[in-house]
Amino acid sequence: MALLPRALRPSWIIRRWAMYQGVRSESALFRFLALFLIGRTQFLRTTSMRQGVYGGSRGWQAVAGVFFLNDMMKKLTVKETEKLSTETLKAGQSVLITSIPPAKKRRKRSA
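Residue numbers 672 to 782, in this note's numbering, belong to the letters of the sequence shown in order.
Structure below.
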């Protein structure tokens with residue numbers, strides 16, 4: 672476990688500050704910092720929500736719609752994890768879980 676929670680880490684505070692300043696400000700410097708520190712997709716997602724969904728801009732609403740559709744497609748197409756077995760242990764019993772080591776990259780290519 673980390674010593675500091677995520678919200679109190681200096682890097683996290685700087686990123687949140689840059690995003691807050693970059694999205695709300697008209698300054699090109701703050702927008703560049705937000706793009707650089709946060710990443711383009713997160714910046715676009717936040718800007719599209721604020722200016723499109725809450726602000727009413729049609730262009731940003733379209734961008735927000737693309738992000739929403741992308742999220743929905745991911746949720747619909749991601750495979751669910753498969754539950755192999757469920758057992759209740761009694762006092763004194765133990766479980767040993769092993770897995771097959773992943774194949775090397777060369778073996779994957781040759782197979």
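By construction, the Cβ of each residue, glycine as well, lies at the ideal position given by its N, Cα and C atoms.
By the three-class DSSP mapping on this structure, what secondary structure does R680 have?
coil
Give the straight-line distance between the Cα atoms of L760 and V766, rounded to the nearest whole angstrom.
Distance between the alpha carbons of L760 and V766 is about 8 angstroms.
Indicate the three-state DSSP secondary structure (helix, strand or coil) for K612 in the structure shown.
Outside the modelled stretch of the chain, which goes from 672 to 782, sits residue 612, for which no answer is possible.
Would the beta-carbon of G723 fall within 8 angstroms of that of V734?
In terms of Cβ geometry, G723 and V734 form a close pair [threshold 8 angstroms].
For I771, name the three-state secondary structure that DSSP assigns.
Three-state DSSP puts I771 in coil, outside helix and strand.
Can you tell which of A705, L675, E697, S698 has the C-alpha that lies nearest to the C-alpha of W688?
A705
According to the neighbour-count rule (16 or more other Cβ atoms, all chains shown, within 10 Å of its Cβ), is W784 buried or exposed?
Residue 784 falls outside the range modelled here, since the chain spans only 672 to 782, and no answer is possible.
In its own chain, which residues sit with a C-beta less than 6 angstroms from the C-beta of Q692, not counting the 5 before and 5 after it?
F701
How big is the Cα-Cα spacing for L675 and R686?
16 angstroms
If you follow the alpha helix (DSSP H) that R729 is part of, which residue opens it and which one closes it?
729-748
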